Amino acid sequence: MKKLWLLILPLLIASTAITYGGESTTGIQFSKLTWKEALAKAKKENKLIFIDVYTTWCGPCKLLKKNTFPDKALGAYFNKNFINIAIDAEEGEWVQFAEQQRVQGYPTLLIMDKNGKEAGRTMGYMPAEQLLQFGKEVNEKKK
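Residue numbers for the sequence shown follow the working numbering, so the first one is 315 and each next one is one higher.
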């Protein structure tokens, strides 16, 4: 009987972890899209595009990812109202994109309209409440 429990217990723990891991969709959900795909999706859904421009070595970028982006209220608003993408400014097509957008520090948080025109910009770490306010202000200007 002990051997049976030794087999069953890890399976129960693993299935619980998978279930809860799959449900952890609070916070901003970032899509892995190219710039062309993000624009097409924004046009189709009539939404603005929220862009987290980060680098892998940036401390404030890591804090945003750990402390701000997982916020439930922030995620609810941004997931409903924006196409959300996070881009590494030192990788692939995003190097040129960051240069074109004159990104001068990290993190830079951009909100672009469905035609690729900048609607809002802020830079640096901020708590969820502040980012939510920024997003709402830019989104309201759109209307």
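All residues carry an ideal CB built from backbone N, CA and C; glycine is no exception.
In this text the structure is predicted, and so the values were computed from the model without any measurement.
Per DSSP, reduced to three states, the secondary structure at G434 is strand. Remark: three or more beta-carbon pairs, one from each stretch, lie closer than 8 Å, so the segment 359-373 and the segment 416-426 are flagged as touching. Distance check between G341 and each of L378, P384, K379 places P384 closest, using alpha-carbon atoms only. For N395, the enclosing alpha helix (DSSP H) starts and ends at 386-395. N398 has F364 as its beta-bridge partners, per DSSP. With 16 or more other Cβ atoms inside 10 Å of its own Cβ, V417 counts as buried.
Following the DSSP letters along the chain, one finds L353 inside the alpha helix (DSSP H) bounded by residues 349-359. If you compare the alpha carbons of A433, Y368, A442 with that of A412, the shortest gap goes to Y368. Residue pairing of T422 in beta bridges, as defined by DSSP: V367, M437. For Q447, the closest C-alpha among the options S345, K357, F392, T348 is that of F392. Taking a C-beta distance under 8 Å as the contact criterion, I397 and K355 qualify as a contact pair.
Counting only the Cα atoms, P441 lies some 19 Å from N395. Taking C-beta atoms as the reference points, N381 and K428 fail to come closer than 8 Å.
Counting of Cβ neighbours within 10 angstroms places A387 among the exposed residues, the total staying below 16.
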